[in-house]
Amino acid sequence: MKLFSVFLTLWLFAYYHPISSLKIPRNNLANLHSCPLFILAFLSLQQMIPESIPLCYSSSFFVVDVIDEGFINRDVMWTIHGLISLGLNLGTAMSPVHGELRSVSKGYLVEGSTLPFNYWKGCKSYMSFVMFFTSFTVFRVIWVPYFLYDTYVNKLNGETDLLLYLSVAFCLLNGAWYFKMCQMLVNYRLPKEMKHDWIDMRGVMMGTEAN
Numbered sequence: 011m012k013l014f015s016v017f018l019t020l021w022l023f024a025y026y027h028p029i030s031s032l033k034i035p036r037n038n039l040a041n042l043h044s045c046p047l048f049i050l051a052f053l054s055l056q057q058m059i060p061e062s063i064p065l066c067y068s069s070s071f072f073v074v075d076v077i078d079e080g081f082i083n084r085d086v087m088w089t090i091h092g093l094i095s096l097g098l099n100l101g102t103a104m105s106p107v108h109g110e111l112r113s114v115s116k117g118y119l120v121e122g123s124t125l126p127f128n129y130w131k132g133c134k135s136y137m138s139f140v141m142f143f144t145s146f147t148v149f150r151v152i153w154v155p156y157f158l159y160d161t162y163v164n165k166l167n168g169e170t171d172l173l174l175y176l177s178v179a180f181c182l183l184n185g186a187w188y189f190k191m192c193q194m195l196v197n198y199r200l201p202k203e204m205k206h207d208w209i210d211m212r213g214v215m216m217g218t219e220a221n
């Protein structure tokens, strides 16, 4: 509980501290959660650190994230995402079986797609979207169903619990996003300002070649 309180205090400060010069952009806040968490989850799966460390780090983040998205930004999809993630964190923490399997650390590997997502949001290029699409496919569309199948069929011999249904809800949410992403991949359009930059750059290149 002490570790959770420390991380919660740090996340609250990162989100809401009044020092304008230290304000952290929203994308960087997400990266500050996902990148260390991915590493902590890997270390936990290697039995190098207790699972309580990544668990407290992520749970405290999603407490603040749900407050921020739900009550301040009023973003429905991200609030649902935060609630499901927080429910999975807390539910797994209270399950001795999943604790022994380190299920929460396995689930945290989905954060491998967050950094490419925020990178794409920043530059909006087609190649950055392809990178994000590929990472989303690997870590969320392929890994999560495999992880659930391996856990509930191979490890738990078909036993189910509430965490399974929360995980299925998480998969459905990812599926809805993935459907939109597939459409975007086929019909990708650059923002207008980037189109102008591309036209200008191409003109310069063609002029250089002509000379």
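The opening residue of the sequence shown carries number 11 in my numbering; numbering runs sequentially from there.
Cβ atoms here follow ideal geometry from the backbone N, Cα and C, with glycine treated the same way.
Here the structure is a predicted model, which is why all the values come from computation and not from measurement.
Using 7 Å as the threshold, is the C-beta distance between residue i and residue j below it?
i, j, result
"Phe149", "Ser70", "no"
"Leu47", "Tyr129", "no"
"Tyr136", "Tyr188", "no"
"Phe143", "Met191", "yes"
"Leu98", "Leu176", "yes"
"Val154", "Cys181", "yes"
If residue i and residue j are in contact, beta carbons under 8 Å, what's the gap, nearest whole angstrom?
i, j, result
"Val114", "Leu65", "6 Å"
"Leu125", "Asn41", "6 Å"
"Leu200", "Lys134", "7 Å"
"Gly109", "Glu61", "7 Å"
Report the residue from the options whose alpha carbon sits nearest the alpha carbon of residue i.
i, options, result
"Arg112", "Leu93, Met191, Leu50", "Leu50"
"Glu121", "Ser62, Asn184, Ile77, Val73", "Asn184"
"Arg36", "His108, Leu174, Val74", "Val74"
"Leu13", "Phe23, Val151, Ser44, Ser68", "Ser68"
"Lys116", "Phe157, Ala179, Met11", "Phe157"
"Ile90", "Thr102, Phe72, Pro106, Val107", "Phe72"
"Cys45", "Ser123, Ala179, Val140", "Ser123"
"Leu172", "Thr102, Leu20, Leu55, Cys181", "Thr102"
"Val151", "Val178, Ser138, Leu174", "Val178"
"Val76", "Gly132, Leu55, Ile59, Leu22", "Leu22"
"His43", "Ile63, Leu55, Gln56", "Ile63"
Touch check for the stretch 165 to 173 and the stretch 67 to 84: three-plus C-beta pairs under 8 Å? no
If you pair each beta-carbon of the stretch 85 to 92 with each one of the stretch 21 to 38, do three or more pairs fall below 8 Å? no
Can you list the alpha helix (DSSP H) stretches of 4 or more residues lying completely in the stretch 27 to 83, in chain order? 36 to 55, 62 to 77
Closer than 8 Å is the cut-off here; do at least three beta carbon pairs connect the stretch 87 to 102 with the stretch 141 to 155? no
For the stretch 150 to 212, list the alpha helix (DSSP H) runs that are entirely contained and at least 4 residues long, ordered along the chain. 153 to 159, 172 to 196
Let me know the alpha helix (DSSP H) ranges lying completely inside the stretch 83 to 150, each 4 residues or longer, listed in chain order. 86 to 103, 106 to 111, 113 to 117, 124 to 133, 136 to 146
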